[in-house]
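Some notes on the structure that comes next.
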Amino acid sequence: SSRTARSEEDRDSLWDAWGSWSECSRTCGGGASYSLRRCLSSKTCEGRNIRYRTCSNVDCPPEAGDFRAQQCSAHNDVKYQGQLYEWLPVSNDPDNPCSLKCQARGAALVVELAPKVLDGTRCYTESLDMCISGLCQIVGCDRQLGSAVKEDNCGVCNGDGSTCRLVRGQYKSQLSANKLDDTVVAIPYGSRQVRLVLKGPDHLYLETKTLQGVKSENSLSSTGSFLVDNSSIDFQKFPDKEILRISGPLTADFTIKIRYAGAADSSVQFIFYQPIIHRWRETDFFPCSASCGGGYQLTSAECFDLRSNRVVADQYCHYYPENIKPKPKLQECNLDPCPASDGYKQIMPYDLYHPLPRWESTPWTACSSSCGGGIQSRSISCVEEDMQGHISPVEEWKCMYTPKMPVVQPCNIFDCPKWLAQEWSPCTVTCGQGLRYRVVLCIDHRGMHTGGCSPKTKPHIKEECIVPTPCYKPKEKLPVEAKLPWYKQAQELEEGAVVSEEPSFIPEAWSTCSVTCGVGSQVRLVKCQVLLSFSQSVADLPIDECEGPKPVSQRGCYSGPCSGEAAEYTPEETELLYGSLQEFDELYDWEYEGFTECSESCGGGVQEAVVTCLNKQTRETADETLCVTSRRPPQLLKACSLDPCPPR
310 SSRTARSEED RDSLWDAWGS WSECSRTCGG GASYSLRRCL SSKTCEGRNI
360 RYRTCSNVDC PPEAGDFRAQ QCSAHNDVKY QGQLYEWLPV SNDPDNPCSL
410 KCQARGAALV VELAPKVLDG TRCYTESLDM CISGLCQIVG CDRQLGSAVK
460 EDNCGVCNGD GSTCRLVRGQ YKSQLSANKL DDTVVAIPYG SRQVRLVLKG
510 PDHLYLETKT LQGVKSENSL SSTGSFLVDN SSIDFQKFPD KEILRISGPL
560 TADFTIKIRY AGAADSSVQF IFYQPIIHRW RETDFFPCSA SCGGGYQLTS
610 AECFDLRSNR VVADQYCHYY PENIKPKPKL QECNLDPCPA SDGYKQIMPY
660 DLYHPLPRWE STPWTACSSS CGGGIQSRSI SCVEEDMQGH ISPVEEWKCM
710 YTPKMPVVQP CNIFDCPKWL AQEWSPCTVT CGQGLRYRVV LCIDHRGMHT
760 GGCSPKTKPH IKEECIVPTP CYKPKEKLPV EAKLPWYKQA QELEEGAVVS
810 EEPSFIPEAW STCSVTCGVG SQVRLVKCQV LLSFSQSVAD LPIDECEGPK
860 PVSQRGCYSG PCSGEAAEYT PEETELLYGS LQEFDELYDW EYEGFTECSE
910 SCGGGVQEAV VTCLNKQTRE TADETLCVTS RRPPQLLKAC SLDPCPPR
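Have a look at this one:
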């Protein structure tokens, strides 16, 4: 064993340390990030030089659409065999689930548009397994690569099945002359693995009601897959049978109904897993019923809502037959005799069958500040529950046997995002006056790149710099550099502008100078292009599909001295050459302009920051094309409507 351990240590010592993790391949829905290491040996190192992990394991908003479908639709504006098609994804390929196969809408044409999908694409629609570098990798419900952890029937990762119950039953139709339909079963919000089978001439249909009270109906008139209140439904219709499947969890209350269609009877068998969201919870012992001379104290049971972590009315727990309310426990207390001086014995006015009043609170208000420390408050009241379960407010002194809950608490105590300026780049010239740049990022309290910093306090990203080396010889002689220093640097940068499989800016050649002598200007066309691997052709994309700064499309030029005179820049010419593009850059920029409305009215939603192109001098909204030379800020989301939804 020592020999084995030593050989493994020797093998690992041939490798350099693992590098930092790359950016995630997706912003939501589960993506992949990789890390590399280098072999330090002249021979071949054992093991792999790359490792992966999952990232961005948050659900995408509904409007984001399917990731594989997005990759197919990206080819809609590219001709295939001389014709444009609208491509739809072909999922669940048993032979090669990680290739991008798409089908032309309205046709039987199926084409592999790319040998592999982007990292983070699901291998199969009903699985968390994801494609990484063209291979399907196992992903557990804990969103970890290689994990074998699975959800239980209740949808709980690595759960024991105790948070739901199996409901199964059978319905038989009872024909009536004045009755056209009937209710088969009501299936509540959050249920999973729903399956119904109807045998007979009648037909199934659905009625739904969301948590917000919105009602709708679906007639289930034909075979197919449907989306009803964001729940995916699979329905099969046969001459003498109908089958309804819903994997869940249901996003609304579903009522399955039957519509009579013939003289013969029909039967419906159903099965589903229903979540248990209300449970009995035993309380501590109440205060003693007497202050001296012997008394009693007892426990009670309260109905607890597992979703909102709040105590609710008892009738919610009575809904589940397996929820048996625990019996109260009783014990003696304060057995010492009362003092002979007064013989006073205080009796609490509650008996074994009348629970004591309790404190009840409203939900916390939204925090007064999104960062840097704020406060939130709530209302506290003393309530009493009668034998029928009705709750009513009472005087506060009746609850003073327990401490009153706090009405104010601190919140969002983490630091606000701050600007972080990195080191300056070298000067853009080798002599005289030029510019230098630096990256300025908005960093949150976790050290992550985010948004939310004030544009007014942002450090400047470029400034003038002077290289103490003269650029020109004496005036009677020609200048040492006829071309501007930054022109030379731009030429060097453009040498690497080659179309690749990643969208990138590709500048075309500069036009000739607008003048034959002196100072003029040049223009060129800058496109966002990508190389399509399957057809080896170049496609033009919208400008905002390319990341990074867009190369300039206009610059100054110098065509030599006029009338045979030696060149000498006037202040106006210097400003034109060095300042014109700089002024245009600084005139327009992206800025956050508030947030969209919350995606949900309760129970937690998101708001997205609105980004607009602004004229910095007039503060007016400008066309987005004027901001293409500035980097568009990252998408910024914030949580909203955090109060729990009211019980149904």
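Counting along the sequence shown from 1, when you hit position 599 you're at 908 in my numbering, and nothing is skipped either side.
In this text, a Cβ means the ideal position worked out from N, Cα and C, and glycines have one as well.
Quick caveat: nothing in here was measured; it's all calculated off a predicted structure.
Between Val476 and Phe581, the beta carbon gap of about 6 Å places them in contact (Cβ cut-off 8 Å). Exposure of Gln926 is indicated by the presence of fewer than 16 other C-beta atoms within 10 angstroms of its C-beta.
Looking at the DSSP output, Ser701 shares a beta bridge with Glu693. Beta-carbon to beta-carbon, Ser556 and Arg501 are separated by about 7 Å, close enough to satisfy the 8 Å threshold.
In the displayed model, Arg377 falls within a helix according to three-state DSSP.
In the same chain as Gly682, and ignoring 5 residues on each side of it, the C-beta atoms closer than 7 Å to its own belong to Pro719, Asn721, Ile722, in chain order. Per DSSP, the beta-bridge partners of Cys922 are Trp899.
Leu515 and Ile565 have their C-alpha atoms roughly 5 Å apart. Taking the Cα positions, Ala599 is about 9 Å away from Gln606. By alpha-carbon distance to Ile542, the top candidate from Ala416, Gly391, Pro558, His758 is Pro558.
Sequence-distant partners of Pro637 (beyond 5 residues in either direction) whose C-beta falls short of 7 Å from its own C-beta, in its chain, are Leu607, Thr608, Ser609, Leu661.
Per DSSP, the continuous beta strand (DSSP E) segment holding Gln718 begins and ends at 717-720.
Under the DSSP assignment, Tyr625 falls in the alpha helix (DSSP H) whose first and last residues are 624-627. For Thr821, the closest alpha carbon among the candidates Cys855, Gly356, Gly865, Gly522 is that of Gly865. Within a 10 Å sphere around the beta-carbon of Asp428 sit 16 or more other beta-carbons, which makes this residue buried. DSSP lists no beta-bridge partner residue for Gln521. Taking a cut-off of 8 Å on C-beta distances, the segment 932-952 touches the segment 903-919, as three or more cross pairs fall below it.
Under the three-state reduction of DSSP, Cys708 is assigned to helix. Counting only runs of at least 3 residues, the segment 395-432 fully encloses the following beta strand (DSSP E) elements, listed from N- to C-terminal order: 396-398, 409-413, 419-423. The closest CA to that of Ile684, considering only Ser690, Trp673, Val523, Glu694, is found on Trp673. Excluding the 5 residues flanking it on each side, Lys481 has same chain C-beta neighbours closer than 6 Å at Ser576, in chain order. Taking one beta carbon from each stretch, the segment 525-538 and the segment 454-470 have fewer than 3 pairs nearer than 8 Å; the two do not touch.
Taking all protein chains shown into account, Asp490 has fewer than 16 neighbouring C-beta atoms within 10 Å of its C-beta and is therefore exposed. Here Leu553 is buried, its C-beta having at least 16 other C-beta atoms within 10 Å.
DSSP places Glu641 in the uninterrupted beta strand (DSSP E) bounded by 639-642. Membership of His587 in the beta strand (DSSP E) is indicated by the continuous run 587-591. A residue is called buried when at least 16 other Cβ atoms come within 10 angstroms of its Cβ; Asp538 meets this threshold and is buried.
Secondary structure at Cys936: helix, using DSSP grouped into helix, strand and coil. In the DSSP assignment, Met439 falls within the unbroken beta strand (DSSP E) covering 439-441. Leu744 has its alpha-carbon roughly 15 Å from the corresponding atom of Thr778. Annotation for Ala570: no beta strand (DSSP E) segment contains it, and DSSP assigns it neither H nor E. Burial check for Thr430: the Cβ neighbour count within 10 Å reaches 16 or more, so the residue is buried. In this structure the segment 724-737 lies against the segment 759-766, because at least three pairs of beta carbons, one per stretch, are closer than 8 Å.
In the structure shown, the three-state DSSP call for Ile852 is helix. For Arg568, the CB contacts under 7 Å within the same chain, skipping 5 residues up- and downstream, are Leu489, Asp490, Asp511, His512, Tyr514 in chain order. Shown here for Ser617: same chain residues with a beta carbon closer than 6 Å to its own, the five before and five after excluded, namely Pro953 in chain order.
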